[in-house]
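Undergrad: Going by the UniProt record's numbering, the first residue of the sequence shown is number 1, and it counts up by one from there. Just so it is clear, CB atoms sit at the ideal spot from N, CA and C, and this is done for glycine as well. Let me begin by handing over the structure; questions about it come next.
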Amino acid sequence: MESRCLTIFESSCKTKATFKTFLYFLDTFLKWSKYNYESLLELESTELENRLQDYVIYLKRRVDDGELSPNTIPDILTAIFKFLKCNRKKIDRDVITQLYPDKIKMGGDRAITDDEIRQLLDFSDKRDTAIIHMVSATGARPEALSELKMKDVTKLEDSFTKLILYADDFKHETITFLHPEASHALNEYLAWRKRKGDKITDQSYLFSTITNEKKNPSSRLNVGNMQCTMHRLFQSAGIIRIKKGRRYDLATFTGFRKRFNTRLEMNSTISMSAIQCLMDHTGYLSRNYRKPTEEELLREYKKGVNSLIISKEWKLKEQLEESKKENVVEKDKRISVLESTLKKQEIMLNVLMKKIT
Numbered sequence: 001m002e003s004r005c006l007t008i009f010e011s012s013c014k015t016k017a018t019f020k021t022f023l024y025f026l027d028t029f030l031k032w033s034k035y036n037y038e039s040l041l042e043l044e045s046t047e048l049e050n051r052l053q054d055y056v057i058y059l060k061r062r063v064d065d066g067e068l069s070p071n072t073i074p075d076i077l078t079a080i081f082k083f084l085k086c087n088r089k090k091i092d093r094d095v096i097t098q099l100y101p102d103k104i105k106m107g108g109d110r111a112i113t114d115d116e117i118r119q120l121l122d123f124s125d126k127r128d129t130a131i132i133h134m135v136s137a138t139g140a141r142p143e144a145l146s147e148l149k150m151k152d153v154t155k156l157e158d159s160f161t162k163l164i165l166y167a168d169d170f171k172h173e174t175i176t177f178l179h180p181e182a183s184h185a186l187n188e189y190l191a192w193r194k195r196k197g198d199k200i201t202d203q204s205y206l207f208s209t210i211t212n213e214k215k216n217p218s219s220r221l222n223v224g225n226m227q228c229t230m231h232r233l234f235q236s237a238g239i240i241r242i243k244k245g246r247r248y249d250l251a252t253f254t255g256f257r258k259r260f261n262t263r264l265e266m267n268s269t270i271s272m273s274a275i276q277c278l279m280d281h282t283g284y285l286s287r288n289y290r291k292p293t294e295e296e297l298l299r300e301y302k303k304g305v306n307s308l309i310i311s312k313e314w315k316l317k318e319q320l321e322e323s324k325k326e327n328v329v330e331k332d333k334r335i336s337v338l339e340s341t342l343k344k345q346e347i348m349l350n351v352l353m354k355k356i357t
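Here it is, written out as structure tokens:
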């Protein structure tokens, strides 16, 4: 039977992924300290603080031996602090955090390029192609893509698609969009799944484990599956990544996220509030910006579409569509001016006729 303190800990975590990570850090500490969940909470505050200080010192030795990144230590202790706090165990956190080592600059600071994305697509099947296009078009985290269901996907006009990420999560629920190129890739993937005999309903996960070789009923493609898939594609495509410390300069999913953010921020016509909302920077947004409406978000998103599209052919197609729309707008303006002029002339003619008569 699961202990109450662990149930409370799980309930305090916003997502299953967060709980899984935090529980791993907590269990690792308990194994090292030879306590269990209940006995840890029964310790006197001073004794508990001493054990946590000793643990930080132990982790710092692992950093010195090259087994652990110094940047990971605060994450590990955050998990333990959360377990203690939600179970009403008060400690002086400062006496522990002051022992943290200095952080170092990690890898993963480079955005993926369009050419590198095209290389990945050369080695992708229908599913992987859809994933690549979706993460390119949205900058979404793999956790968000993994949880997407068909009910969270809505087709819009002009071949755009609306996605609801983290659906039903009050804090993180986010609306984002797919441009026509990404929408096309998603539609191709879903059509391929149907041809494979996959029965898709509103409750079906958007990305499944079904592949060319696997014809049995599919299940959700989880975060681990997605990360392994992307790692395999990077290797197959021969994309060069430089290792910095324990990480690479180009992270698999974060590289797409950085590209999305950079492309939108470089467009001065796109509002910063829309960018923060599309990036799911909810904490920053709530302090500094008004949350845009869905219509405003789509309008701002469309301004950056041409910089997000990958294929040169699709870029040209999008430019032609925009040109047509601009021509229609200009034509409507000219017609409006002519109609206004004609109306004024009619008024003047009526005035003259009255004077004559």
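Considering only C-alpha positions, which residue in the set Ile-200, Leu-121, Tyr-301, Lys-344 is nearest to Thr-269?
TA: Along the sequence shown, one-based indexing puts residue 269 at 269. Selected option, being the one with the closest Cα: Tyr-301.
Undergrad: Under three-state DSSP, which class holds Thr-174?
TA: Counting from 1 along the sequence shown, the entry for residue 174 is found at position 174. Residue state, collapsed to three classes: strand.
Undergrad: Can you give me the start and stop residues for the beta strand (DSSP E) that Phe-162 sits inside?
TA: Start at 1 with the first residue of the sequence shown, and residue 162 comes out as number 162. Inspection of the sequence shows that residue 162 is occupied by Lys rather than by Phe. From DSSP, the beta strand (DSSP E) with Lys-162 extends over 161–165.
Undergrad: Cys-29 to Glu-147, Cα distance in whole Å?
TA: Translated into positions along the sequence shown, residue 29 becomes position 29. Translated into positions along the sequence shown, residue 147 becomes position 147. Reading off the sequence shown, one finds Phe at residue 29, where the question assumed Cys. Those two C-alpha atoms are separated by around 30 Å.
Undergrad: Return the first residue and the last residue of the alpha helix (DSSP H) that Thr-154 is part of.
TA: The sequence position of residue 154 within the sequence shown is 154, counting from 1. Unbroken run through Thr-154 is the beta strand (DSSP E), 153–155; no alpha helix (DSSP H).
Undergrad: In this structure, what does DSSP give as the bridge partners for Tyr-100?
TA: Residue 100 sits at position 100 when you count from the first residue of the sequence shown. DSSP output for Tyr-100 lists no bridge partner at all.
Undergrad: Return the bridge partner residues of Tyr-205 from the DSSP annotation.
TA: Working through the sequence shown from its first residue, we reach residue 205 at position 205. BP columns for Tyr-205 point to Lys-149.
Undergrad: Just how far apart, CA to CA, sit Val-351 and Leu-342?
TA: Taking the first residue of the sequence shown as position 1, residue 351 is located at position 351. Taking the first residue of the sequence shown as position 1, residue 342 is located at position 342. Approximately 14 Å between the Cα atoms of the pair.
Undergrad: Where do the N-terminal and C-terminal ends of the alpha helix (DSSP H) with Tyr-189 fall, by residue?
TA: As a working note, residue 189 is residue 189 in the sequence shown. Start and end: 180–195.
Undergrad: Which residue comes first and which comes last in the alpha helix (DSSP H) that contains Met-226?
TA: Taking the sequence shown and counting its residues from 1, one reaches residue 226 at position 226. Segment 223–237, the alpha helix (DSSP H) holding Met-226.
Undergrad: So Met-134 and Leu-178 are in contact, right, with Cβ under 8 Å, and what is the actual spacing, rounded?
TA: Residue 134 sits at position 134 when you count from the first residue of the sequence shown. Residue 178 sits at position 178 when you count from the first residue of the sequence shown. The Cβ separation is near 7 Å, so the contact holds.
Undergrad: Rounded to the nearest angstrom, how far is the Cβ of Asp-122 from that of Ala-237, given a contact under 8 Å?
TA: Against the sequence shown, residue 122 aligns to sequence position 122. Against the sequence shown, residue 237 aligns to sequence position 237. Going by Cβ atoms, the distance from Asp-122 to Ala-237 rounds to 7 Å, so yes, they are a contact pair.
Undergrad: With a CB to CB cut of under 6 Å and the five nearest residues on each side skipped, what residues in its chain are close to Ala-137?
TA: On the sequence shown, position 137 is the one that residue 137 refers to. Cβ within range, chain order: Leu-178, His-179, Ala-182, Leu-308.
Undergrad: To the nearest angstrom, how far is the alpha carbon of Asp-280 from that of Leu-264?
TA: Position 280 of the sequence shown, counting from 1, holds the residue named residue 280. Position 264 of the sequence shown, counting from 1, holds the residue named residue 264. Going from the Cα of Asp-280 to the Cα of Leu-264 covers about 14 Å.
Undergrad: Compare the beta carbon distance of Phe-190 and Ser-208 with 8 Å and say whether it is the shorter of the two.
TA: If you number the sequence shown from 1, residue 190 lands on position 190. If you number the sequence shown from 1, residue 208 lands on position 208. The sequence shown places Leu at residue 190, rather than the Phe named in the question. No, the pair does not count as a contact, with Cβ atoms beyond the cut-off.
Undergrad: By a C-beta neighbour count over all protein chains shown, 10 Å radius and 16 as the cutoff for buried, is Arg-287 buried or exposed?
TA: In the sequence shown, residue 287 corresponds to position 287, counting from 1. At Arg-287 the pLDDT is 48, less than 50, meaning the model places this residue with poor confidence and gives no usable figure here.
Undergrad: Mapping DSSP to helix, strand and coil, what is Cys-13?
TA: Locating residue 13 in the sequence shown gives position 13, counting from the first residue. Three-state result, Cys-13: coil.
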